[in-house]
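Visitor: Structure in structure tokens, see below.
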Amino acid sequence: MAFKAYLSPRELGSAIGVSESSLKRWADEGRIDVSRTAGGHRRIYMAEVVRFIRDSGMPVLKPQLLGLEELAEGQAAVGEEAAALESALTEGRASRVRGIIVSQYLAGVSLASICDDVIAPAMQHIGSLWEHGDSGIFIEHRATDLAIQALNHLRVLMPRPKDSAPIAVGGCTQGDPYALASLMVATVLAADGWREMNLGPDTPDAVLLSAVEQADAELAWLGVNLHESPGDLPQRIVRMAESLGQRNTLLVGGGRSWPRRITGAPASLHTVSSMSELAALARGRRSASS
Numbered sequence: 103m104a105f106k107a108y109l110s111p112r113e114l115g116s117a118i119g120v121s122e123s124s125l126k127r128w129a130d131e132g133r134i135d136v137s138r139t140a141g142g143h144r145r146i147y148m149a150e151v152v153r154f155i156r157d158s159g160m161p162v163l164k165p166q167l168l169g170l171e172e173l174a175e176g177q178a179a180v181g182e183e184a185a186a187l188e189s190a191l192t193e194g195r196a197s198r199v200r201g202i203i204v205s206q207y208l209a210g211v212s213l214a215s216i217c218d219d220v221i222a223p224a225m226q227h228i229g230s231l232w233e234h235g236d237s238g239i240f241i242e243h244r245a246t247d248l249a250i251q252a253l254n255h256l257r258v259l260m261p262r263p264k265d266s267a268p269i270a271v272g273g274c275t276q277g278d279p280y281a282l283a284s285l286m287v288a289t290v291l292a293a294d295g296w297r298e299m300n301l302g303p304d305t306p307d308a309v310l311l312s313a314v315e316q317a318d319a320e321l322a323w324l325g326v327n328l329h330e331s332p333g334d335l336p337q338r339i340v341r342m343a344e345s346l347g348q349r350n351t352l353l354v355g356g357g358r359s360w361p362r363r364i365t366g367a368p369a370s371l372h373t374v375s376s377m378s379e380l381a382a383l384a385r386g387r388r389s390a391s392s
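In short: position in the sequence shown from 1, add 102, done, that's the working numbering.
Written out as structure tokens, the structure is:
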């Protein structure tokens with residue numbers, strides 16, 4: 103069954119195991135946002151369905167009615183989600199990968215926690231398989247692609263940021279080929295209500311600075327996941343942060359190869375070691391500028 107753009111109250115009620123009359127009552131009480139067609143029929147858009155399920159803690163009993171059949175494959179024991187995802191990624195089970203990640207989100211887990219506690223640990227072990235031969239490289243590349251597909255699938259379910267929301271722009275540093283890390287940052291920021299522009303891997307400094315200026319971004323991110331960082335990287339980071347600071351834009355950086363020491367770092371530069379730290383920093387920035 104294809105992904106659905108909206109549901110009727112009857113369909114949603116059947117999916118989560120409540121009556122249509124209960125859905126209508128909750129709509130009248132303002133607990134769920136229901137739109138009406140020109141003919142007066144009630145429609146609940148998928149982003150609102152997802153929000154309601156997350157906020158209410160309602161179980162999804164019939165995921166096929168939501169067009170999310172992968173949820174049937176997404177069950178994992180509490181505390182074993184990362185291990186389950188690692189197995190699914192290693193085996194190339196795309197539907198189970200999507201199911202685990204989407205199930206976590208529908209259960210109310212934050213995007214930052216999904217990235218920190220489920221995706222990152224799973225990928226960390228897979229990322230070492232290249233040391234054992236070509237098959238390890240194949241598994242890592244396929245796993246990365248499956249994780250990217252799953253995050254992009256999840257983003258379709260998330261509410262769109264408001265047109266007035268602040269803008270964030272970023273990517274991974276030049277020479278850094280890893281796309282997943284920057285996509286996780288973009289997804290976490292989008293979940294927090296930012297309008298984000300993900301420049302992806304291998305982003306030259308000048309391109310990032312130009313994109314920030316053109317987008318009038320309040321926040322920029324820079325990921326560094328190279329096996330060997332260039333010797334001049336700390337100085338380049340300082341120069342970018344100073345340039346961005348002149349326009350009151352924060353530069354947030356991190357990654358496994360982020361410099362441990364950056365001499366002369368300006369106040370506009372912030373280092374984070376997790377997506378949860380990033381989310382907290384971004385939330386604070388939004389509160390300060392609102």
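Ideal Cβ positions, reconstructed from N, Cα and C, are used throughout, including at glycine.
No experiment lies behind these values; they were computed from the predicted model shown.
Provide the residue span of the beta strand (DSSP E) that contains residue 223, from first to last.
Guide: Premise fails: residue 223 lies in the alpha helix (DSSP H), 222-228, not in any beta strand (DSSP E).
Visitor: Using three-state DSSP, classify residue 275 as helix, strand or coil.
Guide: Of the three classes helix, strand and coil, the one that applies to residue 275 here is strand, per DSSP.
Visitor: State the Cα-Cα distance for the pair residue 193 and residue 127, rounded to the nearest angstrom.
Guide: C-alpha separation (whole angstroms): 45 Å.
Visitor: What does the Cβ neighbour count give for residue 119, buried or exposed, with the cut at 16 atoms within 10 Å?
Guide: The residue is exposed, with fewer than 16 neighbouring Cβ atoms inside 10 Å.
Visitor: Does DSSP put residue 243 in a helix, a strand or coil?
Guide: Residue 243: helix per DSSP, three-state reduction.
Visitor: Could you give the distance in angstroms between the alpha-carbon of residue 390 and the alpha-carbon of residue 154?
Guide: Looking at the two C-alpha atoms, the distance is approximately 28 Å.
Visitor: Would residue 149 pass as a contact of residue 332 if the rule is Cβ separation under 9 Å?
Guide: It is not a contact, given that the beta carbons lie outside the stated cut-off.
Visitor: If you reduce the DSSP assignment to three classes, tell me which class residue 298 lands in.
Guide: Note: residue 298 maps to strand in three-state DSSP.
Visitor: Identify every residue that forms a DSSP beta bridge with residue 270.
Guide: Note: residue 270 sits in a beta bridge opposite 298, 321.
Visitor: Thinking just about the alpha-carbon of each residue, which of 227, 168, 353, 376 is nearest to the one in residue 108?
Guide: Comparing Cα-Cα distances from residue 108 to each of 227, 168, 353, 376, the minimum goes to 168.
Visitor: Where does residue 336 sit, in a helix, a strand or coil, going by DSSP?
Guide: Correct three-state label for residue 336: helix.
Visitor: Determine the DSSP secondary structure at residue 280, reduced to helix, strand or coil.
Guide: Residue 280: coil per DSSP, three-state reduction.
Visitor: List, from N- to C-terminal side, the beta strand (DSSP E) runs of 3 residues or more that fit wholly inside the segment 138-167.
Guide: Taking only runs of at least 3 residues, the beta strand (DSSP E) segments lying wholly in the segment 138-167 are 144-147.
Visitor: Grab me the residues of residue 403's own chain with a C-beta within less than 7 Å of its C-beta, minus the 5 sequence neighbours each way, in chain order.
Guide: A question about residue 403 goes unanswered here, because the residues of the chain that appear run from 103 up to 392.
Visitor: Mark residue 316 as exposed unless 16 or more other C-beta atoms lie within 10 angstroms of its C-beta, in which case mark it buried.
Guide: That one is exposed.
Visitor: Given a threshold of 16 other Cβ atoms within 10 Å of its Cβ, counted over all protein chains shown, does residue 326 qualify as buried or as exposed?
Guide: Residue 326 should be labelled buried.
Visitor: Would you be able to state if there are at least three C-beta pairs under 8 Å between the segment 363-377 and the segment 212-223?
Guide: Counting Cβ pairs under 8 Å, three or more are found: they touch.
Visitor: Less than 8 Å between C-beta atoms, sequence neighbours within five positions excluded: which residues of the same chain meet that for residue 301?
Guide: Result list for residue 301: 271, 272, 273, 284, 309, 310, 313, in chain order.
Visitor: Span of the beta strand (DSSP E) holding residue 132?
Guide: From DSSP, residue 132 is part of no beta strand (DSSP E); its letter is neither H nor E.
Visitor: Between residue 124 and residue 160, what straight-line distance do the alpha-carbon atoms span, to the nearest angstrom?
Guide: Those two C-alpha atoms are separated by around 13 Å.
Visitor: Tell me which residues share the same chain as residue 335 and place their Cβ nearer than 8 Å to its Cβ, disregarding the 5 neighbours each side in the sequence.
Guide: The answer, listed in chain order, is 275, 326, 361.
Visitor: In or out: residue 369 buried (at least 16 other Cβ within 10 Å) or exposed?
Guide: Its Cβ having fewer than 16 others within 10 Å, residue 369 is exposed.
Visitor: For residue 252, which of 372, 195, 295, 177 has the nearest alpha-carbon?
Guide: When each option's Cα is compared against that of residue 252, the closest is 195.
Visitor: Count the C-beta pairs between the segment 221-228 and the segment 110-119 that are closer than 8 Å, then say yes if the count reaches three, no if not.
Guide: Verdict: no, contact absent.
Visitor: Tell me whether residue 182 is buried or exposed, calling it buried when 16 or more other Cβ atoms sit within 10 Å of its Cβ.
Guide: Exposed: under 16 other Cβ atoms inside 10 Å.
Visitor: Once you ignore the five residues that flank residue 210 on each side, which residues in its own chain have a CB closer than 8 Å to its CB?
Guide: Around residue 210: 156, 157, 159.
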